[in-house]
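One point on numbering: in the numbering used here, the residue at position 46 of the sequence shown is 52, and numbering is uninterrupted.
Glycine residues also receive a C-beta, built at the ideal position from the N, C-alpha and C atoms.
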Amino acid sequence: MPRGAKADSKIDLVCKIGGSLGKPEVLRPLLKTLEAVRAEHRIVVVPGGGAFADAVRTETAVFHLGETAAHWMAILAMDQYGYLLADLGQATRTVRTPAQIEEALQDGAVPILLPSTLLLAADSLPHSWEVTSDAIAAHLAVSFGAELLVLLKDVDGILTADPRKDPDAVLIPRLSLSRLAGYACVDAAFAREAARLRCCWILNGRHPDRLVTLLRSGQTMGTEVDTRDQ
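If you want it as structure tokens, here you go:
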């Protein structure tokens, strides 16, 4: 069996890399970390939208685009960010289908999912800006039967307040889905999709070692979203 492959077909981890992490000095060590643990964990990366999605928002406002056009343009923005991520990695590969995911994993690569193909085929999500890459990552993690979804952002997790405005803001280590709607860290549709998840964490992608700690011990610095308490 090729290096990095495991005998079962279960996905251990869906890892969504947020667009807020879109800087070379942040993404390169993060991708290197994912590559370092790929032999022990079957990982699928879901890209955020980043600057590509921001461009869609701008053009939507300029041209007064409808929600359906904006929805698919934003999903294609995730594809673009995916190509960027794959190009920065050393052992990454863009994929579009479950078969391609499995092939990449068997070859010892980290699959970077370009989600437009699967989402266009199913078209099961509302066409709305409320459905951004957080909800899409949760939706895909459920469809893959993943053991764990990790949202990597540029914050330590969910905090009691915006740390840029409130120096006394503190990290919330565990939060139920029912309370999640009161915080702006994830999009409005995330809680609905996350209700079917087995396990979910929100971590700071600027500190990839925290992801490694989570995979090794089941705990780390971040926010665990309790999907059982709804």
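1) Going by DSSP, what residue range makes up the alpha helix (DSSP H) through Arg34?
2) In three-state DSSP terms, what is Pro104?
3) Let me check you understand the geometry: is the CB of Ala195 closer than 7 Å to at least one non-hydrogen atom of the ligand ATP?
4) Would you call the region 102–118 and the region 63–76 in contact, with 3 or more CB pairs under 8 Å?
5) With 16 as the cutoff for other CB atoms within 10 Å, does Thr138 come out buried or exposed?
6) Please give me, in chain order, every unbroken run of the alpha helix (DSSP H) with length at least 4 that falls completely inside the region 206–231.
7) When the distance is taken between beta carbons, is Arg212 closer than 8 Å to Asp168?
8) For Lys85, is the classification buried or exposed, using 16 other Cβ atoms within 10 angstroms of its Cβ as the cut-off for buried?
9) For the beta strand (DSSP E) containing Arg63, list its first residue and its last residue.
10) With a threshold of 6 Å on Cβ separation, who are the neighbours of Gly224 within its own chain once the five nearest residues in sequence on each side are excluded?
11) In terms of residue numbering, what span does the alpha helix (DSSP H) encompassing Ala148 cover?
12) Less than 8 Å between the CB atoms is what I'm expecting for Leu183 and Asp162, so what's the real figure, rounded?
13) Only counting the same chain, and skipping five residues up and downstream in sequence, which positions put a Cβ closer than 7 Å to that of Thr100?
14) If you follow the alpha helix (DSSP H) that Arg185 is in, where does it begin and where does it stop?
15) Measuring only the C-alpha atoms, how far is Arg34 from Thr123?
16) Quick check on DSSP: helix, strand or coil for Thr123?
17) Tell me the residue span of the beta strand (DSSP E) that contains Ile81.
18) Between Pro104, Ala143, Pro173, Phe150, which has its C-alpha nearest Trp207's C-alpha?
19) Considering only their Cβ atoms, is the gap separating Ala197 from Leu186 smaller than 8 Å?
20) In its own chain, which residues sit with a C-beta less than 8 Å from the C-beta of Glu65, not counting the 5 before and 5 after it?
21) Just confirm the distance between the C-beta atoms of Val148 and Arg202, as a whole number of angstroms; I'd bet it's less than 8 Å.
22) Check the C-beta distance from Asp232 over to Arg180 and give it rounded, since I have them as a contact under 8 Å.
23) Just the Cα atoms here: how many angstroms apart are Gly28 and Gly56?
24) In terms of residue numbering, what span does the beta strand (DSSP E) encompassing Lys22 cover?
Let's see:
1) Its alpha helix (DSSP H) spans residues 30–42.
2) DSSP places Pro104 in helix when its eight states are reduced to three.
3) Judged by which ligands are present, the structure shown has none, so any question about the ligand ATP falls away.
4) Note that the region 102–118 does not touch the region 63–76; fewer than 3 beta-carbon pairs, one per stretch, sit closer than 8 Å.
5) So Thr138 counts as buried.
6) The qualifying runs are 214–223.
7) Inclusion of Asp168 and Arg212 in the CB contact set at 8 Å is not warranted, their separation being larger than that value.
8) In the sequence as presented, Lys is not what sits at residue 85; that position holds Asp. Taking all protein chains in view, the Cβ of Asp85 is crowded by 16 or more other Cβ atoms within 10 Å, so the residue is classified as buried.
9) Careful: Arg63 lies outside any beta strand (DSSP E), inside the alpha helix (DSSP H) at 56–69.
10) Excluding residues within five positions, none has a Cβ falling inside 6 Å.
11) Inspection of the sequence shows that residue 148 is occupied by Val rather than by Ala. Following the DSSP letters along the chain, one finds Val148 inside the alpha helix (DSSP H) bounded by residues 139–150.
12) The beta carbons of Leu183 and Asp162 sit about 20 Å from each other, so the pair does not count as a contact at 8 Å.
13) Excluding residues within five positions, the ones whose Cβ falls inside 7 Å are Gly88, Tyr89, Ala92, Ile118, Leu120.
14) Under the DSSP assignment, Arg185 falls in the alpha helix (DSSP H) whose first and last residues are 183–186.
15) Taking the CA atoms as reference points, Arg34 sits about 26 Å from Thr123.
16) Under the three-state reduction of DSSP output, Thr123 falls in the helix class.
17) The continuous stretches of beta strand (DSSP E) do not include Ile81, which lies in the alpha helix (DSSP H) extending over residues 73–94.
18) Ranked by Cα distance from Trp207, the options Pro104, Ala143, Pro173, Phe150 are led by Ala143.
19) Yes, the Cβ-Cβ distance between Leu186 and Ala197 is below 8 Å.
20) Taking Glu65 as the centre and dropping the five residues before and after it, the same chain places the C-beta of Leu71, Met79 closer than 8 Å to its C-beta, in chain order.
21) Between Val148 and Arg202, the beta carbon gap of about 5 Å places them in contact (Cβ cut-off 8 Å).
22) Asp232 to Arg180, Cβ: 6 Å. Contact.
23) Looking at the two C-alpha atoms, the distance is approximately 7 Å.
24) Lys22 -> beta strand (DSSP E) spans 19–23.
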